[in-house]
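A.B. asks: Residue numbers are given in the UniProt record's numbering: position 63 of the sequence shown equals residue 63, and the series is strictly consecutive.
Glycine included, every Cβ here is placed at the ideal spot set by N, Cα and C.
Quick one: the structure is below, questions incoming.
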Amino acid sequence: MSAHDQLVLCLCELTRLLWKLLLPLVILCVFLVAVLVLLVLAVRLWLQSSRNARRAREGRPTVAFFHPYCNAGGGGERVLWCAIKALQNR
């Protein structure tokens, strides 16, 4: 055997060894990522359903306000509180 043939044989064996090691690791990583994605989706669905059930039990709508400058001291807080009071009197 020439040196070139030995090198080719060695490279083929090395490639085979790397595939034997790499392929199970890739499969394991894909499996773990899939499990993680499914777990995150399951937790999200569970949280959504518990939130919807809690809202259904309360039976009243939730109203939120966002006024960007309500704490700037320019009168925006008064407008915000007047809007809240008008909704409460409704």
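Only counting the same chain, and skipping five residues up and downstream in sequence, which positions put a Cβ closer than 8 Å to that of LEU25?
C.D. replies: Cβ neighbours of LEU25 beyond the five flanking positions: none.
A.B. asks: I need the straight-line Cα distance from VAL37 to THR15, nearest angstrom please.
C.D. replies: Straight-line Cα distance between these residues: approximately 32 Å.
A.B. asks: What alpha helix (DSSP H) runs, 4 residues minimum, are completely inside the segment 41-68?
C.D. replies: Counting only runs of 4 or more, we get nothing.
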